[in-house]
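J.: Residue numbers (the working numbering), protein chains in the order written: chain V, 28 to 325; chain W, 193 to 438.
Cβ atoms here follow ideal geometry from the backbone N, Cα and C, with glycine treated the same way.
Please read all numbers here as calculations on a predicted model, not as lab measurements.
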């Protein structure tokens, strides 16, 4: 392709936006509406996931050991546990640290009456997991270690959080699939309407001797531009709405702020921008590519 | 463009001065009688041919077959050496660049001006900008529209719009000009003006094929006339007449 033809094609793509104002506006509005809903659900789901993840990070398994075990032996077990994939962090709490913690939490000034550490055999390992659904398997493994006396864990918390994680995955997949199907349906209708208006132009191009590529290229450029604009608008809207909402909730519902830890918009947009742009541009590209193809056999 | 003698099946070789050859061409649609039924036709380089006949006689199907918009059900069509029954889809654009086409309803791009409509035909075949700037004013002068190159299509009369369509068809210097009812939407004065332009184009060497209902023009111009009826050629005469069968 000649350079002048390349720029002509790109230029026609831009000019087509202006030539078919209503079609362009309808297409952009459709993509904007779909991607706005997508972005909205994505933000809600990601925040929900974040809250659950934060809760998960607080869940730990505590391992107590047989009497007379040395600190070195406990540290060997710690080292083994740290190598496991499901383990995020293992914290060693010595008997003295356990007693200090207990005194601070429960006894206060009454602790002065104790001359010896009553929790002498309470040195333990606190294990934090990457994935709470793996807790049961880990506990089974730990209980099989000779020197372990007792393993404390909260089965209800782990089961609830695992269930929530699964629910979020299903709900988000379901919503995204439905939104994408609705988007494809709406956009294909809009593109079909727009192309039918320009069927004559495509026919003339074909009669004169334009190649399929040359006929299609301006429409594809136009589709990509519509997709780009249609995905940029909801990103800008969601950016401001999201920031406004989290600031409002944080200031009006201070009681909830300890429970609801919102994701910063930058973190959210780290993934939302590429996803939205890919969907918008992809829909624009394939929408125009496939629809023009129907009219190429002249 | 032309490829001289080319072997075909069966038998007959195409003379090098023949630009269109149709041998026993039949075109049937899924329902009803065939639109064309065993049509044989030979058109030489530089001829001016009228194709006449009532509605449903097969004229439009014939034009569509020559443009390779349709594929014959049976028989062979060779245009400028291209066998239109066997031509690959990817070769069709290159083939069509040898043809100029004019329609009854002009089919101009209404959102572009006169210059852009004509330049459009050159851009499509990727003509360099320098040549477009030279060719378009020249062809607009030929159809007497040089002064209106900036006008929008809806600011032009029917005759002027058809002259723009003619300029667009000619700017790529086609070997064959196909005109499907080019005067169908024009008054008698404009119709004559268009036909005179076509005659002038023909005198410069372009083969011209005009499908028309305009009896007055056909009879006055004294050109070859092919008369069709119900999908067959019933008459083919040099300096023929369009006879009212009723």
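So, for residue 117 (chain V): in the same chain, excluding its five sequence neighbours on each side, which residues have a beta-carbon less than 6 Å away from its beta-carbon?
T.: As a first step, residue 117 (chain V) is located in the first chain; it is residue number 90 there, counting from the start. Excluding sequence neighbours, residue 117 (chain V) sits near 105, 108, 109, 152, 154.
J.: Using only alpha-carbon positions, find the residue among V:159, V:160, V:321, V:176 that is nearest to residue 149 (chain V).
T.: Residue 149 (chain V) sits at position 122 when you count from the first residue of the first chain. Comparing Cα-Cα distances from residue 149 (chain V) to each of V:159, V:160, V:321, V:176, the minimum goes to V:176.
J.: So, does the segment 253–272 of chain W touch the segment 222–237 of chain W, judging by three or more C-beta pairs under 8 Å?
T.: Touching, yes.
J.: Thinking residue 165 (chain V) and residue 111 (chain V) are a contact (beta carbons under 8 Å), I'd like their distance in whole angstroms, please.
T.: Taking the first chain and counting its residues from 1, the one referred to as residue 165 (chain V) is at position 138. Taking the first chain and counting its residues from 1, the one referred to as residue 111 (chain V) is at position 84. Between residue 111 (chain V) and residue 165 (chain V) the Cβ distance is about 7 Å, and since that is below 8 Å, they are a contact.
J.: For residue 418 (chain W) versus residue 242 (chain W), is the C-beta spacing smaller than 8 Å?
T.: Position 226 of the second chain, counting from 1, holds the residue named residue 418 (chain W). Position 50 of the second chain, counting from 1, holds the residue named residue 242 (chain W). Yes, the pair counts as a contact, with Cβ atoms nearer than the cut-off.
J.: Can you give the beta carbon distance from residue 297 (chain W) to residue 377 (chain W), rounded, assuming they're within the 8 Å contact cut?
T.: Counted from its first residue, the second chain places residue 297 (chain W) at position 105. Counted from its first residue, the second chain places residue 377 (chain W) at position 185. Yes, they are in contact, since the Cβ atoms of residue 297 (chain W) and residue 377 (chain W) sit about 7 Å apart, within 8 Å.
J.: In whole angstroms, give me the CA-to-CA distance for residue 283 (chain W) and residue 234 (chain V).
T.: Here the question's residue 283 (chain W) lines up with position 91 in the second chain. Here the question's residue 234 (chain V) lines up with position 207 in the first chain. Cα to Cα, residue 283 (chain W) sits roughly 13 Å from residue 234 (chain V).
J.: Relative to chain V, which residues along the segment 257–274 of chain W have a C-beta separation below 9 Å, given in chain order?
T.: Under the 9 Å Cβ criterion, the segment 257–274 of chain W contributes 259, 261.
J.: From what residue to what residue does the alpha helix (DSSP H) around residue 237 (chain W) run?
T.: Locating residue 237 (chain W) in the second chain gives position 45, where the first residue counts as 1. Run containing residue 237 (chain W): none; DSSP gives neither H nor E here.
J.: What number of angstroms, rounded off, separates the C-alpha of residue 171 (chain V) from the C-alpha of residue 80 (chain V)?
T.: On the first chain, position 144 is the one that residue 171 (chain V) refers to. On the first chain, position 53 is the one that residue 80 (chain V) refers to. Their backbone Cα atoms lie some 28 Å apart in a straight line.
J.: Using C-beta distances below 6 Å, list every residue in its chain close to residue 260 (chain V), excluding the 5 sequence neighbours before and after it, in chain order.
T.: For the purposes of this step, residue 260 (chain V) is taken as the residue at position 233 of the first chain. Within the same chain, residue 260 (chain V) has close Cβ partners 59.
J.: Give a yes or no on whether the C-beta atoms belonging to residue 225 (chain V) and residue 318 (chain W) are separated by under 8 Å.
T.: Taking the first chain and counting its residues from 1, the one referred to as residue 225 (chain V) is at position 198. Taking the second chain and counting its residues from 1, the one referred to as residue 318 (chain W) is at position 126. Going by C-beta atoms, residue 225 (chain V) is not nearer than 8 Å to residue 318 (chain W).
J.: Run down chain W in chain order and give the residues with a C-beta less than 8 Å from the C-beta of residue 260 (chain V).
T.: Mapped onto the first chain, residue 260 (chain V) falls at position 233. The premise fails here: residue 260 (chain V) is roughly 26 Å from chain W at the closest Cβ pair, so nothing lies under 8 Å.
J.: Kindly list the residues whose CB is nearer than 7 Å to the CB of residue 343 (chain W), restricted to its own chain and excluding five residues on each side of it in sequence; keep chain order.
T.: Mapped onto the second chain, residue 343 (chain W) falls at position 151. So the qualifying residues of the chain are 305, 306.
J.: Along chain W, which residues have their Cβ under 7 Å away from the Cβ of residue 275 (chain V)?
T.: Taking the first residue of the first chain as 1, we reach residue 275 (chain V) at position 248. Residues of chain W passing the Cβ test: none, with the nearest at roughly 47 Å.
J.: Cβ of residue 316 (chain V) less than 8 Å from any chain W Cβ?
T.: Here residue 316 (chain V) refers to the residue found at position 289 of the first chain. No, residue 316 (chain V) lies away from the interface with chain W (no Cβ there is under 8 Å from its Cβ).
J.: What distance in whole Å lies between the Cβ atoms of residue 288 (chain W) and residue 236 (chain V), which are believed to be in contact at a cut-off of 8 Å?
T.: The residue labelled residue 236 (chain V) in the question sits at position 209 within the first chain. The residue labelled residue 288 (chain W) in the question sits at position 96 within the second chain. Confirmed, Cβ separation roughly 4 Å.
J.: Around the C-beta of residue 199 (chain W), are 16 or more other C-beta atoms found within 10 angstroms, so that it is buried, or is it exposed?
T.: Counting from 1 along the second chain, the entry for residue 199 (chain W) is found at position 7. Because residue 199 (chain W) sits at a pLDDT of 42, beneath the cut-off of 50, its placement in the model cannot be relied upon, and the point is left open.
J.: Just mark residue 193 (chain W) as buried or exposed, buried being the case when its beta carbon has 16 or more other beta carbons within 10 Å.
T.: Mapped onto the second chain, residue 193 (chain W) falls at position 1. The predicted model places residue 193 (chain W) with a pLDDT of 40, which falls under 50 and marks its position as unreliable; any figure quoted below should be read in that light. Exposed, since its Cβ has fewer than 16 Cβ neighbours within 10 Å.
J.: Within the 8 Å Cβ cut-off, does residue 266 (chain V) reach chain W?
T.: The sequence position of residue 266 (chain V) within the first chain is 239, counting from 1. No, its Cβ sits nowhere closer than 8 Å to a Cβ of chain W.
J.: In chain order, what residues of the same chain lie with their CB nearer than 8 Å to the CB of residue 300 (chain V), ignoring the 5 residues before and after it?
T.: Here residue 300 (chain V) refers to the residue found at position 273 of the first chain. Cβ neighbours of residue 300 (chain V) beyond the five flanking positions: 262.
J.: Along the segment 145–163 of chain V, what residues have a CB closer than 8 Å to any CB found in chain W?
T.: Those residues of the segment 145–163 of chain V that come within reach of chain W (Cβ to Cβ, closer than 8 Å) do not exist; the list is empty.
J.: DSSP beta-bridge partners for residue 39 (chain V)?
T.: The residue labelled residue 39 (chain V) in the question sits at position 12 within the first chain. Answer is none; residue 39 (chain V) lacks a bridge partner.
J.: Since residue 234 (chain V) meets chain W, which of its residues come closer than 7 Å, beta carbon to beta carbon?
T.: The residue labelled residue 234 (chain V) in the question sits at position 207 within the first chain. Neighbours of residue 234 (chain V) on chain W, chain order: 259, 288, 293.
J.: Along the segment 362–375 of chain W, where does the CB come closer than 9 Å to a CB of chain V? Name the residues.
T.: The residues in question are 364.
J.: Start and end of the alpha helix (DSSP H) containing residue 97 (chain V)?
T.: Counting from one through the first chain, the residue named residue 97 (chain V) turns up at place 70. First-last for residue 97 (chain V): undefined, no H or E at that position.
J.: Could you check the C-alpha separation between residue 262 (chain W) and residue 66 (chain V) for me, to the nearest Å?
T.: Position 70 of the second chain, counted from the start, is the residue given in the question as residue 262 (chain W). Position 39 of the first chain, counted from the start, is the residue given in the question as residue 66 (chain V). Taking the straight line joining both Cα atoms gives about 48 Å.
J.: Measure how close the beta-carbons of residue 307 (chain V) and residue 254 (chain V) come, nearest whole angstrom, since I'm counting them as under 8 Å.
T.: The residue you call residue 307 (chain V) lines up with position 280 of the first chain. The residue you call residue 254 (chain V) lines up with position 227 of the first chain. Yes, they are in contact, since the Cβ atoms of residue 307 (chain V) and residue 254 (chain V) sit about 4 Å apart, within 8 Å.
J.: Name, going along the chain, the residues of the segment 51–76 of chain V whose beta-carbon falls closer than 8 Å to a beta-carbon of chain W.
T.: So nothing in the stretch comes that close.
J.: Taking Cβ-Cβ distances below 7 Å as the criterion, which residues of the segment 312–326 of chain W are in contact with chain V?
T.: Residues 313, 315, 316, 317, 318, 320, 321.
J.: According to DSSP, is residue 242 (chain V) helix, strand or coil?
T.: By 1-based counting over the first chain, the position of residue 242 (chain V) is 215. Three-state DSSP puts residue 242 (chain V) in a helix.
J.: Consult DSSP for residue 123 (chain V) and reduce its assignment to one of helix, strand or coil.
T.: On the first chain, residue 123 (chain V) is found 96 positions in, with the first residue counted as 1. Helix, per DSSP.
J.: I need the straight-line Cα distance from residue 196 (chain W) to residue 275 (chain W), nearest angstrom please.
T.: To locate residue 196 (chain W), count along the second chain from 1; it is residue 4. To locate residue 275 (chain W), count along the second chain from 1; it is residue 83. Here residue 196 (chain W) scores only 40 on pLDDT, less than 50, and its place in the model is too uncertain to base an answer on.
J.: Does the beta-carbon distance from residue 329 (chain V) to residue 310 (chain V) come in below 8 Å?
T.: Lying outside 28 to 325, the shown extent of chain V, residue 329 (chain V) is not represented and no answer is given.
J.: Rounded to whole angstroms, what's the CA-CA distance from residue 123 (chain V) to residue 96 (chain V)? Just pull it up for me.
T.: Counting from one through the first chain, the residue named residue 123 (chain V) turns up at place 96. Counting from one through the first chain, the residue named residue 96 (chain V) turns up at place 69. Those two C-alpha atoms are separated by around 15 Å.
J.: Looking only at its own chain, which residues have a Cβ that is under 6 Å from the Cβ of residue 407 (chain W), when we skip the five neighbours before and after it?
T.: In the second chain, counting from the first residue as 1, residue 407 (chain W) sits at position 215. Answer for residue 407 (chain W): 434, listed in chain order.
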